[in-house]
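Just below is one structure, and these are the notes that go with it.
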Amino acid sequence: AQKITQTQPGMFVQEKEAVTLDCTYDTSDPSYGLFWYKQPSSGEMIFLIYQGSYDQQNATEGRYSLNFQKARKSANLVISASQLGDSAMYFCAMREGRYFGNEKLTFGTGTRLTIIP
Amino acid sequence: EAQVTQNPRYLITVTGKKLTVTCSQNMNHEYMSWYRQDPGLGLRQIYYSMNVEVTDKGDVPEGYKVSRKEKRNFPLILESPSPNQTSLYFCASSKTGVLMASSYNSPLHFGNGTRLTVT
Numbered sequence: 001a002q003k004i005t006q007t008q009p010g011m012f013v014q015e016k017e018a019v020t021l022d023c024t025y026d027t028s029d030p031s032y033g034l035f036w037y038k039q040p041s042s043g044e045m046i047f048l049i050y051q052g053s054y055d056q057q058n059a060t061e062g063r064y065s066l067n068f069q070k071a072r073k074s075a076n077l078v079i080s081a082s083q084l085g086d087s088a089m090y091f092c093a094m095r096e097g098r099y100f101g102n103e104k105l106t107f108g109t110g111t112r113l114t115i116i117p
Numbered sequence: 118e119a120q121v122t123q124n125p126r127y128l129i130t131v132t133g134k135k136l137t138v139t140c141s142q143n144m145n146h147e148y149m150s151w152y153r154q155d156p157g158l159g160l161r162q163i164y165y166s167m168n169v170e171v172t173d174k175g176d177v178p179e180g181y182k183v184s185r186k187e188k189r190n191f192p193l194i195l196e197s198p199s200p201n202q203t204s205l206y207f208c209a210s211s212k213t214g215v216l217m218a219s220s221y222n223s224p225l226h227f228g229n230g231t232r233l234t235v236t
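Chains as they are written, first to last, in this note's numbering: chain U, 1 to 117; chain F, 118 to 236.
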């Protein structure tokens, strides 16, 4: 079974609209962390936001917020007021407690977001 | 500037010709790792290192070697590259937490990637 599932291979969104990128995860570990990364066409991986399994509140970082629904095992990324520079590939990733000692991230297959002017 | 530096950015080689991709970080991180990125598969871990002289296999280690003789450097070695190793490679580093809780929110810091083509 996939550990991280991103069901939207591609999305097209009008500039200035809000965007929700879906991510569901699968783990039996009570301790885990969820990360979102952005990969622009230039190829680098940029860390956006983090949510811990014990965090009571949804994480926010500027225009990025994470809609964390623990019971549903989902961790959707919300980008408010999208900009042309948000066009990129977005990856959801998970770090599980059982890998403590290896700071391994398990990645989804990504969603390619294109912002339309 | 805090960063992870990989070289080269692009590399084209032929089957069987040994190559090394270098990785260096200036953040004094104990943990370093290599990933490969392939379309439709996301990023997969090749090897990791918790500290100097401590390395271990990730999910797809076959055909790769690593070494960690110094804290800042973690080269990836392909002794006999094959076409199925054509991929985009990333080196990454992070702090490691002494306690489980503190280790979770340490993001991996990635290098800019090395695009390798093996013909």
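By construction, the Cβ of each residue, glycine as well, lies at the ideal position given by its N, Cα and C atoms. No experiment lies behind these values; they were computed from the predicted model shown.
Three-way DSSP call (helix, strand, coil) for residue i in this model
i       : result
V215(F) : Per-residue confidence for V215(F) stands at a pLDDT of 44, beneath the threshold of 50, marking its modelled position as unreliable; no derived number is given.
E201(F) : Checking the displayed sequence, the identity of residue 201(F) turns out to be Asn instead of Glu. Here N201(F) sits in helix by DSSP.
D155(F) : strand
R126(F) : coil
G62(U)  : coil
R72(U)  : coil
G85(U)  : helix
G97(U)  : helix
H226(F) : strand
V131(F) : coil
C92(U)  : strand
N168(F) : strand
L105(U) : coil
D173(F) : strand
A209(F) : strand
S31(U)  : coil
Q142(F) : strand
Any chain F beta carbon closer than 7 Å to residue i
i       : result
L105(U) : yes
G108(U) : yes
N102(U) : yes
Test: residue i CB closer than 7 Å to a CB of chain U
i       : result
L128(F) : no
F227(F) : yes
Q162(F) : yes
S211(F) : yes
P224(F) : yes
Residues that residue i contacts on chain U, provided the C-beta gap is smaller than 8 Å
i       : result
M144(F) : Going along chain U, no residue has its Cβ under 8 Å from M144(F), so there is no contact; the nearest lies around 13 Å.
L205(F) : G43
Residue i classed as buried or exposed, judged by whether at least 16 other C-beta atoms fall within 10 angstroms
i       : result
L84(U)  : exposed
V131(F) : exposed
M217(F) : Here M217(F) scores only 45 on pLDDT, less than 50, and its place in the model should not be relied on; the value that follows carries that caveat. That one is exposed.
D173(F) : exposed
A75(U)  : buried
V215(F) : Confidence at V215(F) is low in this model, with a pLDDT of 44, below 50, so the placement of that residue should be treated as unreliable; the coordinate-derived value is given next. Result: exposed.
D176(F) : exposed
S42(U)  : exposed
M144(F) : exposed
N102(U) : buried
Q56(U)  : exposed
Where residue i meets chain F, residues with beta-carbon distance less than 9 Å
i      : result
G62(U) : What G62(U) touches in chain F: nothing, since even the nearest Cβ is about 15 Å away.
Per-residue contacts from residue i into chain F (C-beta, under 8 Å)
i      : result
F91(U) : G159 and L160
Cβ-heavy atom distance, residue i to the ligand MN, below 6 Å
i       : result
Q202(F) : This structure simply doesn't include the ligand MN, nor any ligand for that matter.
query: Mind listing which residues of the stretch 36-51 of chain U have their C-beta closer than 7 Å to chain F's C-betas, in chain order?
result: G43, E44, M45, F47 and Y50
message: Give me the subset of the stretch 131-159 of chain F whose CB atoms are less than 9 Å from a CB atom of chain U, sorted by chain position.
response: Under the 9 Å Cβ criterion, the stretch 131-159 of chain F contributes Y148, S150, Y152, Q154, P156, G157, L158 and G159.
- request: Can you give me, in chain order, the residues of the stretch 163-197 of chain F that have a beta carbon less than 9 Å from any beta carbon in chain U?
  value: Y165, M167, D173, G175 and D176
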